[in-house]
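Novice:
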Amino acid sequence: MNMFLHELRAYRKSTLVWSISLMSLVVLFLLLFPSFSRDAEEFMQVLEGFPEELKRALGLSIETLATLLGFFSYAFLYIKLCGAIQAMNLGISIVSKETREKTADFLLTKPVTRSQVFFSKLFASLTSLFLTNLAFFITVFAMSSWVNTESNNEKTLFLICATLFFLQVIFLALGILTGIIFPGIKSVIAVSLGSVFAFFILGMISSSTEDKGLRYLTPFNYFDNQYIIKNLSYEAPFVWTGMFIVFGAIAVGMAIYQKRDVHAG
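Residue numbers (the working numbering): 22 to 286.
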């Protein structure tokens, strides 16, 4: 418990910064919705001239864009990008900081097992992401109630928003595995940005081509907002794929973490 609280305190500023950043994005995008909805027809005419591949890559759906859910789904693409960077950065940083900061000797002199260290870091990371998502949820529902005069579909909005946490857990697991395999990473943010943007661009390519096979290669496309709006559910094959990645990455990461030598320098 002490180690869990220590890790949570160590990343409290990062959690606060990311929470405020995501909340600000929500406020910024949803403040634009009233003016967008008033001039929706003009925007639609402009968007109709866009190539179909480009509209799919950007997550633009002409049929639903004038609604709050459709507009939020478009904005949510960029919110997910920020959330994925937070999770990947946290995952890499939290398991590699002792090697990077040369404090591994101090950690390993404590009367705790490697498993306790690993799971304390994992649960602290999940708690940090949960707090970020809690702030995100509160902001989304508060802003949607304020800017939208029509009745909201809270269940659909909840399902869409929940995918942020699922996506972050996937990238957290990938980040943890990366940090354990490459503990000597000098610039965590550079690796995080590079990895997340690679998946993001692959996701845009997958969306533009509508290649279902490519969807499995990028977590950004595991949850299709338009599918959620129409069916009020997630696509089971991609949910199972995401769970496989999370549990697989954590299991492999823990196995490596328990066996490898952790050097202080």
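Each residue gets a CB set at the ideal place from its N, CA and C atoms; glycine is no exception.
(1) Work out the CA separation of arginine 30 and glycine 91 for me, nearest whole Å.
(2) Looking only at its chain, what residues have a beta carbon closer than 7 Å to the beta carbon of phenylalanine 221, apart from the 5 residues adjacent to it on each side?
(3) Determine the DSSP secondary structure at leucine 195, reduced to helix, strand or coil.
(4) Quick one: what does DSSP say glutamate 231 is sitting in, helix, strand or coil?
(5) Run the CB neighbour count on isoleucine 100, radius 10 Å, all protein chains shown included, and call it buried at 16 or more, exposed below.
(6) Using a Cβ-Cβ cut-off of 6 Å (strictly less than) and excluding sequence neighbours within five positions of tyrosine 32, which residues of its own chain qualify?
(7) Sorted by chain position, which residues of the same chain lie with C-beta nearer than 6 Å to threonine 114's C-beta, five sequence neighbours on each side aside?
(8) At the level of alpha carbons, what is the spacing between valine 267 and phenylalanine 140?
(9) Are three or more beta carbon pairs between the region 231-239 and the region 153-165 nearer than 8 Å?
(10) Please report the distance separating the alpha-carbon of leucine 147 from that of glutamine 137.
(11) Between which two residues does the alpha helix (DSSP H) holding threonine 36 run?
(12) Report buried or exposed for glutamate 175, applying the criterion of at least 16 other Cβ atoms within 10 angstroms of its Cβ.
(13) Give the range of the alpha helix (DSSP H) segment to which tyrosine 248 is assigned.
(14) Which term fits methionine 264, buried or exposed, when burial requires 16 or more other beta carbons within 10 angstroms of its beta carbon?
Specialist: Checking against the coordinates, here is how it stands:
(1) Taking the sequence shown and counting its residues from 1, the one referred to as residue 91 is at position 70. Taking the sequence shown and counting its residues from 1, the one referred to as residue 30 is at position 9. Rounded to the nearest angstrom, the two C-alpha atoms are 37 Å apart.
(2) Translated into the one-based positions of the sequence shown, residue 221 becomes position 200. Leu102 and Phe241.
(3) Taking the first residue of the sequence shown as position 1, residue 195 is located at position 174. Residue state, collapsed to three classes: helix.
(4) Locating residue 231 in the sequence shown gives position 210, where the first residue counts as 1. Looking at glutamate 231 - three-state DSSP - the assignment turns out to be coil, as it is neither helix nor strand.
(5) Here residue 100 refers to the residue found at position 79 when the sequence shown is read from its first residue. Answer is buried; the Cβ neighbour count reaches 16.
(6) Sequence index remark: in the sequence shown, residue 32 carries index 11 (1-based). These residues qualify, in order along the chain: Ser149.
(7) Position 93 of the sequence shown holds residue 114. Note that residue 114 is serine in the sequence shown, not threonine. The residues are Val209.
(8) In the sequence shown, residue 267 corresponds to position 246, counting from 1. In the sequence shown, residue 140 corresponds to position 119, counting from 1. So the two alpha carbons sit approximately 14 Å from each other.
(9) No, they do not touch.
(10) For the purposes of this step, residue 147 is taken as the residue at position 126 of the sequence shown. For the purposes of this step, residue 137 is taken as the residue at position 116 of the sequence shown. Cα to Cα, the separation comes out at about 15 Å.
(11) Here residue 36 refers to the residue found at position 15 of the sequence shown. Looking at the DSSP string, the run of the alpha helix (DSSP H) that includes threonine 36 is 33-59.
(12) Taking the sequence shown and counting its residues from 1, the one referred to as residue 175 is at position 154. Exposed, since its Cβ has fewer than 16 Cβ neighbours within 10 Å.
(13) Numbered from 1 along the sequence shown, position 227 holds the residue referred to as residue 248. Start and end: 246-252.
(14) In the sequence shown, counting from the first residue as 1, residue 264 sits at position 243. Answer is exposed; the Cβ neighbour count stays below 16.
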